[in-house]
Amino acid sequence: MPRYFVAYVAALAVLAVLDALWLGAVAKDFYRGQIGPLMAEQVRFGVAACFYLLYIVGVVVFAVVPALAAESVTRALMLGALFGFFAYMTYDLTNLATLRGWSWQVTLTDIAWGSFVSAVAAGAGCAAALRFGR
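In the working numbering, the protein residues as written are 7 to 140.
Structure representation (structure tokens):
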């Protein structure tokens with residue numbers, strides 16, 4: 007399979023699984039306790055799907071592609087963490103600046119999570135592309 011397609015699918019799968027665990031189990035009560043009144047009653051799955059499908063394009067373009075050029079999963083991890091940091095930081099600091107009830111705790115936790123999950127997704131995408139892509 008083409009290497010960028012392999013990278014995309016692997017990164018998407020990893021991000022989706024990890025984020026489902028994080029949001030659905032690990033940090034569910036944390037977010038509800040911190041920003042419960044701001045949360046929708048039902049998840050808008052179509053919007054969520056758009057986010058995941060498009061966010062992974064960014065992970066692949068800005069983290070995986072340069073890492074594949076260097077044939078370095080470590081580089082994918084580092085670039086993925088940076089991409090996640092800046093993407094989540096933009097979202098969280100904007101919310102902190104504009105939304106009543108958005109806390110520093112949510113901001114810092116979310117930025118750390120975004121950095122971590124983006125790094126792991128990029129690393130997985132790069133590793134899969136190096137192993138299975140052509």
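Where a beta carbon is used, it is the ideal one built from N, C-alpha and C, also for glycine.
Model, not experiment: these values are computed from the prediction.
Pick from A82, P72, Y10, P43 that is closest to V123, judged by C-alpha positions: Taking each of A82, P72, Y10, P43 in turn and checking the Cα distance to V123, the smallest one comes out for A82.
Give me the residue from G39, Y58, A54, G52 with the minimum Cα distance to V15. Comparing Cα positions, the closest option is Y58.
Quick one: Cα of R50 to Cα of C56, how far? If I take the Cα positions, the gap works out to 10 Å.
From what residue to what residue does the alpha helix (DSSP H) around G64 run? Here the alpha helix (DSSP H) through G64 covers 51-65.
How many Å lie between D98 and G52 at the Cα? D98 and G52: Cα-Cα distance of roughly 22 Å.
From the DSSP output, in three-state form, read off W108 for me. In the structure shown, W108 sits in coil (DSSP, three-state: anything other than H, G, I, E or B).
Determine the contact status of L105 and L44, defining contact as a CB-CB distance below 8 Å. Their beta carbons are under 8 Å apart, which means L105 touches L44 by this criterion.
Report yes if the CB atom of V32 is closer than 8 Å to the CB atom of G131, and no otherwise. No, these two residues do not count as a Cβ contact at 8 Å.
Measure the C-alpha to C-alpha separation of T80 and A128 and round it to an integer number of angstroms. So the two alpha carbons sit approximately 10 Å from each other.
To the nearest angstrom, how far is the alpha carbon of A19 from that of V126? Each residue's Cα considered, the two are about 11 Å apart.
Helix, strand or coil at Q40 [DSSP, three-state]: Residue state, collapsed to three classes: helix.
Sorted by chain position, which residues of the same chain lie with C-beta nearer than 8 Å to A76's C-beta, five sequence neighbours on each side aside? A distance below 8 Å between beta-carbons, with the five flanking residues on each side excluded, links A76 to no residue of its chain.
What is the DSSP secondary structure of R9, counted as helix, strand or coil? Helix at R9.
What residue range is occupied by the uninterrupted alpha helix (DSSP H) comprising A73? Where A73 is concerned, the enclosing alpha helix (DSSP H) stretches over 71-76.
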